[in-house]
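Engineer: Going by numbering that gives the first Met the number 0, the letters in the sequence shown line up with residues 0 to 296, in that order. Heads up, the beta-carbon is just placed ideally off N, CA and C, and yes, glycines get one too. To start, I am sharing the structure in question, which I have written as structure tokens.
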Amino acid sequence: MSLFDRHQEDTDEEENNVNEQEQTDNEDIAFIAKLKSSRTLASILKTIHFADDAIFCALPTGIKIIVEDKQCVQGNAFIDTRVFDSYELMRQVRFRFHLETVLNCLNIFGIPLDPVTHEPLPTNVAVQIHYRENQTHPLQLYLEEEGVITECLIKVLDDTDTIDFDFQTENVVTKVVFKASGFKEALSEIDLKADCIELFITQDVPHFRLIANGCGGSTSVDINQDSPVMDTFLCTEPVHNRKLSLRIDAAGILCAQFLIYTEKDKPSLVEYFFGPDEELNEHEENTQSSDVVLIED
């Protein structure tokens, strides 16, 4: 049994030497989650680290992290209970925290790199997450590497309302399925640092087009229906919007969803919502819902 595994037992022994209030605090624990690899959690959280403030939700089905920026973009990362080695939820909780602080804690032992390829090397840093349902208590992270345990206490902030984009899945008229590796290569042909990215999906050639518009001009990439990158193409109505997304509803709200597989081959969902460009939408009255999906090879 590792020192990390014995942590709760050591805590119980210490509680015998302190007052009853400490025992009461222990009863206030809302949830405990354990992962043998902290990198799994860090990798998922990094996908939505475009803003610092985040909302933490502990649910019966897993943990959901919500990040928003300027009331127009929302990123959601859902980590299923099956991803964790242990997940105990006594009460659902929701609070706000600083995402960058958590990421720094998860990488507190550093990320070793291969001297030749400079790729991250496998690590054996376990993480245990505690939260007590009490505003005076911080979010607790315990990280262990080779018997060395580090405790991180992260201040929680008052919860704030998040945007309800009310994405409608009815009347989806366009569906496109890509091979992820091929689609990534196609994206490398356009300027992803452009001010905006336009997405066209039509019944006619080129079927799928991305246009990046920036200060230096425009770049585009076309993917035809018979391209080896495209697995499935269905389009009954043309779609045009100014942000790249995997799904577009009639109101112009864009939703992007990606499945991230952990070391245990368990999927976690990362989801992005984008508000529409109002100026463009005034000229785009025929926009319909669409569904674009990325799959692995």
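Starting from ASN103, follow its DSSP beta bridges and name the residues at the other end.
Structural biologist: Here residue 103 corresponds to residue number 104 of the sequence shown, with the count starting at 1. Partner(s): none; ASN103 has no beta bridge.
Engineer: For THR80 and ILE31, I'd like the C-alpha separation in whole angstroms.
Structural biologist: By one-based count along the sequence shown, residue 80 stands at place 81. By one-based count along the sequence shown, residue 31 stands at place 32. Computed Cα separation, rounded: 11 Å.
Engineer: Just confirm the distance between the C-beta atoms of ARG93 and CYS56, as a whole number of angstroms; I'd bet it's less than 8 Å.
Structural biologist: Start at 1 with the first residue of the sequence shown, and residue 93 comes out as number 94. Start at 1 with the first residue of the sequence shown, and residue 56 comes out as number 57. At roughly 5 Å, the Cβ-Cβ gap stays under 8 Å, so ARG93 and CYS56 are in contact.
Engineer: Could you give the residue range of the beta strand (DSSP E) that holds LEU34?
Structural biologist: As a first step, residue 34 is located in the sequence shown; it is residue number 35 there, counting from the start. Element bounds for LEU34: 28-34.
Engineer: Thinking TYR271 and GLN139 are a contact (beta carbons under 8 Å), I'd like their distance in whole angstroms, please.
Structural biologist: One-based indexing of the sequence shown puts residue 271 at position 272. One-based indexing of the sequence shown puts residue 139 at position 140. With a Cβ gap of about 29 Å, TYR271 and GLN139 do not count as contacting.
Engineer: Using 8 Å as the threshold, is the C-beta distance between LEU209 and ILE200 below it?
Structural biologist: Counted from its first residue, the sequence shown places residue 209 at position 210. Counted from its first residue, the sequence shown places residue 200 at position 201. Contact: no.
Engineer: Under 8 Å, do VAL66 and LEU88 count as touching if we go by C-beta distance?
Structural biologist: Translated into positions along the sequence shown, residue 66 becomes position 67. Translated into positions along the sequence shown, residue 88 becomes position 89. No, the pair does not count as a contact, with Cβ atoms beyond the cut-off.
Engineer: Is the number of C-beta pairs between the stretch 135-149 and the stretch 39-53 that are closer than 8 Å three or more?
Structural biologist: no
Engineer: Taking only the alpha-carbon atoms, compute the straight-line gap between GLU236 and PHE182 and give it to the nearest angstrom.
Structural biologist: Stepping through the sequence shown from its first residue, residue 236 is reached at position 237. Stepping through the sequence shown from its first residue, residue 182 is reached at position 183. So the two alpha carbons sit approximately 22 Å from each other.
Engineer: Just the C-alpha distance for SER219 and VAL175, rounded to the nearest angstrom, thanks.
Structural biologist: If you number the sequence shown from 1, residue 219 lands on position 220. If you number the sequence shown from 1, residue 175 lands on position 176. In a straight line, the C-alpha of SER219 is about 18 Å away from that of VAL175.
Engineer: Check for me: the alpha helix (DSSP H) holding PHE182 runs from which residue to which?
Structural biologist: As a position in the sequence shown, residue 182 is number 183, starting the count at 1. It spans 179-186 - the alpha helix (DSSP H) in which PHE182 sits, taken as one unbroken run.
Engineer: Determine the closest residue to ILE128 out of ASN212, ASP84 and ALA53, with distance taken between C-alpha atoms.
Structural biologist: Taking the sequence shown and counting its residues from 1, one reaches residue 128 at position 129. Cα-wise, what sits closest to ILE128 is ASP84.
Engineer: With LEU191 as the anchor, note down where its alpha helix (DSSP H) starts and where it stops.
Structural biologist: Stepping through the sequence shown from its first residue, residue 191 is reached at position 192. That residue, LEU191, is in no alpha helix (DSSP H); it is neither H nor E in DSSP.
Engineer: Let me check understanding here. Comparing Cα to Cα, which of ALA179, ALA50 and ASP27 lies closest to THR231?
Structural biologist: Indexing the sequence shown from 1 puts residue 231 at position 232. The shortest Cα separation from THR231 among ALA179, ALA50 and ASP27 belongs to ALA179.
Engineer: State the Cα-Cα distance for the pair GLU118 and ILE110, rounded to the nearest angstrom.
Structural biologist: Within the sequence shown, the letter at position 119 stands for residue 118. Within the sequence shown, the letter at position 111 stands for residue 110. Taking the straight line joining both Cα atoms gives about 10 Å.
Engineer: Does DSSP put THR42 in a helix, in a strand, or in coil?
Structural biologist: Translated into positions along the sequence shown, residue 42 becomes position 43. Per the sequence presented here, residue 42 reads as Ser, with Thr not at that position. Helix.
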